[in-house]
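A short write-up of the structure that comes next.
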Amino acid sequence: MYLVERRHRKQLDHGTHFATRFGAIYFVTICCVARHRNSLCHESLAAMLFTTARLYHAKARWYLNLLLLIPDHLHLLIGIDGKAPLSDIVRDFKRIIARTTGIKWQRNYFDHRVRKDESLPEKADYILNNPMRTGFVTRANQ
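If you're matching positions, the sequence shown starts at 12 in this note's numbering and goes up one per residue.
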């Protein structure tokens, strides 16, 4: 019998960064457990996701700049005011969607804080072009 060492994905520290206390903009990716399957792009489910995202915006949990659904993950460009850590906001959003739709999310999420020297439109373009880059669509307007 061989002892096999399992490789574990490095856990990112989603603790409260000093910048989040004063507000920040984040590029967030949340993935479904079922990769390479159409889990999110169904009309009723997508409508519920967008409604919940708008509700979070209306209640100032986040300030929604952009939300894009891909069949097995979603991208967000959001601002937060620092009243709650990003990890709590994302956890609660994932929990609401999971309870109402049955979607199973991966345990963590990916985030990138947009810094002052980075271009917000550049990040938005990256998100908007993701479906073409990954081959889900052939034209940007699909």
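Backbone N, C-alpha and C define an ideal beta-carbon position, used for all residues, glycine too. Only a predicted model underlies this, so the values are computations on that prediction, with no experimental measurement involved.
message: Pop quiz: A64 and K115 are said to be a contact at Cβ under 8 Å. What is the actual Cβ separation, rounded to whole angstroms?
response: The residue you call residue 64 lines up with position 53 of the sequence shown. The residue you call residue 115 lines up with position 104 of the sequence shown. Taking the Cβ atoms as the reference, A64 lies roughly 19 Å from K115, outside the contact range of under 8 Å.
message: Quick check on the burial criterion: 16 or more other C-beta atoms within 10 angstroms. Buried or exposed for A35?
response: Translated into positions along the sequence shown, residue 35 becomes position 24. Per the 10 Å Cβ criterion, buried.
field: Proximal residues to N49 (C-beta, below 8 Å), its chain only, five neighbours per side dropped
entry: Translated into positions along the sequence shown, residue 49 becomes position 38. Cβ-Cβ distances below 8 Å link N49 to P82 and D83 in the same chain, with the five nearest sequence neighbours on each side left out; the list follows chain order.
- prompt: Which residues mark the beginning and the end of the beta strand (DSSP E) in which H68 is found?
  reply: Taking the first residue of the sequence shown as 1, we reach residue 68 at position 57. Here H68 belongs to no beta strand (DSSP E); instead the alpha helix (DSSP H) covers E54 to A69.
- request: With DSSP as the reference, label I138 as helix, strand or coil.
  value: Sequence index remark: in the sequence shown, residue 138 carries index 127 (1-based). Annotated three-state conformation of I138 is helix, per DSSP.
- prompt: When the Cα atoms are used, what is the spatial distance from T145 to P96?
  reply: Residue mapping note: residue 145 aligns to position 134 of the sequence shown, counting from 1. Residue mapping note: residue 96 aligns to position 85 of the sequence shown, counting from 1. T145 and P96: Cα-Cα distance of roughly 31 Å.
- prompt: Among L78, A69 and A71, which residue has its Cα nearest to the Cα of L60?
  reply: Residue mapping note: residue 60 aligns to position 49 of the sequence shown, counting from 1. Checked all of L78, A69 and A71; the closest Cα to L60 is L78.
- request: Starting from V199, follow its DSSP beta bridges and name the residues at the other end.
  value: Outside the displayed range of the chain (12 to 153) lies residue 199, so it cannot be described from this structure.
task: For V148, I'd like the list of residues in its chain whose CB is within less than 6 Å of its CB, leaving aside the five on either flank, ordered along the chain.
output: Here residue 148 refers to the residue found at position 137 of the sequence shown. Within the same chain, P142 come within 6 Å of V148 by CB-CB distance, once the 5 residues on both sides are set aside.
- request: Taking L97 as part of the alpha helix (DSSP H), name the residues at either end of that continuous run.
  value: Residue numbering aside, residue 97 sits at position 86 when the sequence shown is read from its first letter. Per DSSP, L97 belongs to the alpha helix (DSSP H) from L97 to T112.
- request: May I ask which residues mark the beginning and end of the beta strand (DSSP E) holding N76?
  value: Taking the sequence shown and counting its residues from 1, one reaches residue 76 at position 65. First-last of the beta strand (DSSP E) with N76: Y74 to I81.
query: Exposed or buried, what is L87 when buried is set at 16 or more other beta-carbons lying within 10 Å of its beta-carbon?
result: Taking the first residue of the sequence shown as position 1, residue 87 is located at position 76. With 16 or more other Cβ atoms inside 10 Å of its own Cβ, L87 counts as buried.
- prompt: When the Cα atoms are used, what is the spatial distance from S98 to R150?
  reply: If you number the sequence shown from 1, residue 98 lands on position 87. If you number the sequence shown from 1, residue 150 lands on position 139. Approximately 34 Å, taken between the alpha carbons.
- request: Compute the Euclidean distance between the alpha carbons of V101 and P132, then round it to the nearest angstrom.
  value: Locating residue 101 in the sequence shown gives position 90, where the first residue counts as 1. Locating residue 132 in the sequence shown gives position 121, where the first residue counts as 1. Straight-line Cα distance between these residues: approximately 23 Å.
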